[in-house]
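Data first, discussion second: the structure below is written as structure tokens.
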Amino acid sequence: MADTIAAAGIEWEGRILSLQHQLRALEHTARVPGSREGQQWHQLHFAFHSELTSLCPNTWWQKLRQQLFIQSERYRRLSGPLDEEGRDVSAEHEAIAKAAIIRDTEAAVRHMAAHLRRTTDILLKSRIPFSED
């Protein structure tokens, strides 16, 4: 993400702001299984996270990030209904976007790490027995 933030221009900022705005507008649909709007939110979510690293010059890292995102998708979707504390995903995305746009790389990375950790924490707190199936 740091490479992208350093290399980004006004067009990139526009894409980040647009994606963040669309995610916020559709957030209420994210937890509706099978809905067209819910699927659109998930596609926008993937695009938002992809755009944050889109200018990374290392294609290997790009592919690894994409693969990890795809692999974690099932767990992220599972975490939504298990959230008992009322997580504000839109606020998390907004914090990441704002820090990235003002080129505060340290804050953007910190917000992203917290964003990813919250999903993990929700799943671990649920004590659901995960299987390999």
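Positions 177 to 309 (our numbering) are the ones given, in order, by the sequence shown.
We put the CB at the ideal spot given by N, CA and C, even for glycine.
Quick caveat, the model's predicted, so the values are computed rather than measured.
Give the single residue among 238, 207, 280 and 212 whose Cα lies nearest to the Cα of residue 250. Residue nearest to residue 250 within the set 238, 207, 280 and 212 is 207 (criterion: CA-CA distance).
- Task: May I have the straight-line CA-CA distance separating residue 210 from residue 248, to the nearest angstrom?
- Result: Their backbone Cα atoms lie some 19 Å apart in a straight line.
Checklist entry - Is the Cβ-Cβ distance between residue 313 and residue 228 less than 8 Å? => result The structure shown does not extend to residue 313, since the chain is modelled only from 177 to 309, so the question has no answer here.
When you compare each of 296, 270 and 232 to residue 183 by their alpha carbons, which one comes out closest? Closest by C-alpha distance to residue 183, out of 296, 270 and 232, is 232.
Which residue from 199, 282 and 216 puts its Cα closest to that of residue 177? The residue from 199, 282 and 216 with its alpha-carbon nearest to that of residue 177 is 282.
Exercise. Which residue's Cα is closest to the Cα of residue 187: 222, 300, 237 and 230?
Worked result: Residue 187 has its Cα closest to that of 230, out of 222, 300, 237 and 230.
Which whole-angstrom value is the C-beta distance of residue 285 and residue 203, which I expect to be below 8 Å? Beta-carbon to beta-carbon, residue 285 and residue 203 are separated by about 23 Å, too far to satisfy the 8 Å threshold.
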